[in-house]
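The block underneath contains the structure these notes are about, expressed in structure tokens.
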Amino acid sequence: MSLLAIVGRPNVGKSTLFNRLIGTRQAIVDETAGVTRDRHYGKCEWCGHEFSVVDTGGYTSGTDDIFESEIRKQVKLAIDEADVVLFLTEVGTGITDFDEHIAEMLRRCTKPVVTVVNKVDTPDKGADAYQFYALGLGDIWTISSANGSGTGDLLDHIVELMPGDTTINEESYTAPHIPRIAIVGKPNVGKSSMTNALLGEDRNIVTPIAGTTRDTLESHYNKFGHEFILVDTAGLRKKAKVTEDLEFYSVMRAVKAIESSDVCILMIDAQSGIGAQDMAIFNLIVRNKKGCVVVINKWDTIQKESNTMARWRESIKAKLAPFNDLPIVFTSVLNMQRILDVLDAAAKVYENYSKRIPTSQLNEVMLAEIEAWRPPCIKGKTVKIKFVTQLPSASPSFAFFCNLPQYINDSYKRFLENKLRSHFDFTGCPIQIYMRQK
Ligand code: GDP
Ligand code: GDP
Numbered sequence: 000m001s002l003l004a005i006v007g008r009p010n011v012g013k014s015t016l017f018n019r020l021i022g023t024r025q026a027i028v029d030e031t032a033g034v035t036r037d038r039h040y041g042k043c044e045w046c047g048h049e050f051s052v053v054d055t056g057g058y059t060s061g062t063d064d065i066f067e068s069e070i071r072k073q074v075k076l077a078i079d080e081a082d083v084v085l086f087l088t089e090v091g092t093g094i095t096d097f098d099e100h101i102a103e104m105l106r107r108c109t110k111p112v113v114t115v116v117n118k119v120d121t122p123d124k125g126a127d128a129y130q131f132y133a134l135g136l137g138d139i140w141t142i143s144s145a146n147g148s149g150t151g152d153l154l155d156h157i158v159e160l161m162p163g164d165t166t167i168n169e170e171s172y173t174a175p176h177i178p179r180i181a182i183v184g185k186p187n188v189g190k191s192s193m194t195n196a197l198l199g200e201d202r203n204i205v206t207p208i209a210g211t212t213r214d215t216l217e218s219h220y221n222k223f224g225h226e227f228i229l230v231d232t233a234g235l236r237k238k239a240k241v242t243e244d245l246e247f248y249s250v251m252r253a254v255k256a257i258e259s260s261d262v263c264i265l266m267i268d269a270q271s272g273i274g275a276q277d278m279a280i281f282n283l284i285v286r287n288k289k290g291c292v293v294v295i296n297k298w299d300t301i302q303k304e305s306n307t308m309a310r311w312r313e314s315i316k317a318k319l320a321p322f323n324d325l326p327i328v329f330t331s332v333l334n335m336q337r338i339l340d341v342l343d344a345a346a347k348v349y350e351n352y353s354k355r356i357p358t359s360q361l362n363e364v365m366l367a368e369i370e371a372w373r374p375p376c377i378k379g380k381t382v383k384i385k386f387v388t389q390l391p392s393a394s395p396s397f398a399f400f401c402n403l404p405q406y407i408n409d410s411y412k413r414f415l416e417n418k419l420r421s422h423f424d425f426t427g428c429p430i431q432i433y434m435r436q437k
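Just so we're aligned: the sequence shown equals residues 0 to 437 in numbering that gives the first Met the number 0.
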């Protein structure tokens, strides 16, 4: 997945533009899935193309008086991490010193930079935008994030600049392959320790991933009956030391690791339990429709009674609801405890993730369930589901064909999902349910 980063000084309209690019569709999808929407990271869909967007400014607290040094850090990170950098300015103020400083950094950047002048709400303001050519960054694009004008042309241009293939392909089913596994989590939970425990001396860096994730490493693991590609960002920590505290940085890193994997191992520190940052990463996994294994690490530090693990399990599931049909493994990397259980769980999740349910079996089972518990009548209309099929997408997705798809509510979709989960093992996999017109 290609990544667009929006940079610029405060108040030029970065978050307004971000929201427009992400659109309302995703907000709705996230809401119905019970996922808290990340205000600064999302996916932009445009004419059959899709890419990720981060609003770098969103990750700074106290937006009113951000230090310029903070913004410079963000610009630097955006240059390092993104595939295309969108530099946002605004027509009303003209070029400020701050804009100059950002432009100076961007002029040295080898990645594509798109310079955009915002708040061109009416055509007459377009003339004022010409002064921005003085930034020395080539062509400028004029838009109004508020009313949307100019954003279509801008998106066409961005899609052209993206190095990777951005085409949305619902039929993106890839034949079973060696599973790609990413270990993710906030700093200090034990990701590097886990990676080292797994790879040990056999660490064998096969290839840097092409294109977007050029500095993510892949290691081929083949031991104890498990074969997979470990998508590794932990080895890159040294370079990042200075900026590691930035939430923006961890998010960028997590996004890349998650997007290039099939199954994510979400590591959580038992000492601190599940907090906001862990939830944010979990939501990235769900939003990217990836398989997930939850690992509670540093289990050695927890005082245990007879049912401690069961109580933890319950409380974690309650926090992760509604998507909590997940394996949870309690580990101590320090004591090499249950490390292989993590691999077993990840392998099982991948099996579920790549599973195809034959259409005949799916219909037999699900139509019987639907018959036993029909969709509620709405406005006196009877909703009939006639056929169900698994879509050829990478993650488990099902289309239910019916006469009035718009009348199927979320609670009925949840019913369908639960039934799918109870008949066919999809533990660790988010499930997408689509209602389609027959
Ligand atoms: P950020 O700090 O760069 O994220 O900027 P915001 O998105 O918070 O926007 C700053 C202010 O500019 C807000 O009051 C927005 O409503 C306003 N704004 C954003 N885009 C436009 C636009 O296209 N036209 C006008 N007139 N105002 C805008
Ligand atoms: P990362 O930032 O997620 O890669 O975390 P590290 O692997 O660097 O680990 C952070 C710290 O936690 C290090 O001091 C590790 O030694 C320690 N640590 C990792 N796993 C465990 C564990 O299972 N138990 C305990 N007690 N400490 C651990």
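Note that CB positions come from ideal geometry on N, CA and C, so glycine has one too.
Rounded to whole angstroms, what's the CA-CA distance from I327 to M251? Just pull it up for me.
25 Å
Using the rule of at least 16 other Cβ atoms within 10 Å of the residue's Cβ for burial, across every protein chain shown, is R337 buried or exposed?
buried
Since L85 is in the beta strand (DSSP E), which residue starts that stretch and which ends it?
V83 to E89
How long is the line joining the alpha carbons of K255 and L361, rounded to whole angstroms?
34 Å
Is it right to say H176 is buried, meaning 16 or more other beta carbons lie within 10 angstroms of its own, or is it exposed?
exposed
The alpha helix (DSSP H) with W311 in it runs from where to where?
T307 to L319
To the nearest angstrom, how far is it from the Cα of T166 to the Cα of G47?
6 Å
Considering only heavy atoms of ligand 2, list every residue whose Cβ is less than 6 Å from one of them, following chain order.
G184, P186, N187, V188, G189, K190, S191, S192, A233, N296, K297, D299, T300, S331, V332 and L333
Which partner residues of T388 appear in the DSSP bridge assignment?
A398
Start and end residues, alpha helix (DSSP H) containing H156:
T150 to L160
Using the Cα positions of S192 and V332, report the straight-line distance between them to the nearest angstrom.
7 Å
Helix, strand or coil: how does DSSP classify G290 here?
strand
So for K383, helix, strand or coil by DSSP?
coil
Please report how far the alpha carbon of Q276 lies from the alpha carbon of I315, in whole angstroms.
15 Å
Return the Cβ separation of V188 and I267 in integer angstroms, given the expectation that the two are a contact with Cβ distance under 8 Å.
6 Å
Would F399 and I377 be called neighbours here (beta carbons separated by less than 8 Å)?
no
Could you pull out every residue in the same chain whose Cβ sits closer than 6 Å to the Cβ of V364, ignoring the five residues on either side in sequence?
H422
Would you report the Cα separation of K118 and I70, rounded to the nearest angstrom?
21 Å
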